[in-house]
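Below is one structure, written out as structure tokens; the observations come after it.
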Amino acid sequence: IVVQISLAHELISLSVLNRGPTLPQDIEHRLFDPMVSSAKDAREAHLGLGLYVVRLIAEFHGGTVKAENRRDNSGVVVTVTLARAHSV
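FYI, UniProt numbering numbers position 34 of the sequence shown as 34, with every residue one higher than the one before it.
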């Protein structure tokens, strides 16, 4: 797992990159919905709530979240983008 933080204009992005299976195309558009999991085996323990909670937190703070396959198809990148806070 690699964690990257980047600043661009008034935005800050936190990206988490992993190496492993990529996202199936049929799940990409629903990945941040509740009770969705990419687990192929029903015996794998999962609730399908983790990325849904990430989306709720990002949106609560006025941000966005997206997930996409790495360019070289070696895993997945999940990025949360928020507006930068300014000092008072």
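Glycine included, each C-beta is placed from N, C-alpha and C at the ideal position.
Range covered by the beta strand (DSSP E) that runs through residue i
i, result
"leucine 7", "2-8"
"isoleucine 27", "Note, isoleucine 27: premise wrong, no beta strand (DSSP E); not H, not E."
"valine 80", "76-83"
"asparagine 73", "Careful: asparagine 73 lies outside any beta strand (DSSP E) and carries neither H nor E."
Helix, strand or coil at residue i [DSSP, three-state]
i, result
"valine 36", "coil"
"leucine 56", "helix"
"leucine 17", "strand"
"leucine 49", "coil"
Integer-rounded CB distance, given that residue j should sit under 8 Å from residue i
i, j, result
"valine 16", "valine 3", "6 Å"
"valine 76", "leucine 23", "6 Å"
"asparagine 18", "isoleucine 5", "Between isoleucine 5 and asparagine 18 the Cβ distance is about 16 Å, and since that is not below 8 Å, they are no contact."
Residue from the options whose Cα sits closest to the Cα of residue i
i, options, result
"leucine 11", "Val77, Gly75, Arg70 and His61", "His61"
"glutamate 28", "Leu7, Lys66 and Leu82", "Lys66"
"glutamate 68", "Ala8, Ala58, Gly20 and Ser6", "Gly20"
"glycine 63", "Arg71, Asn18, Ala85 and Leu31", "Ala85"
CB contact flag (residue i, residue j, <8 Å)
i, j, result
"tyrosine 52", "aspartate 33", "yes"
"residue 147", "valine 78", "Given that the chain is displayed from residue 1 to residue 88, the structure contains no residue 147 and the question cannot be resolved."
Cβ of residue i within 8 Å of any chain B Cβ
i, result
"proline 34", "Looking for chain B here will not work: only one protein chain is present."
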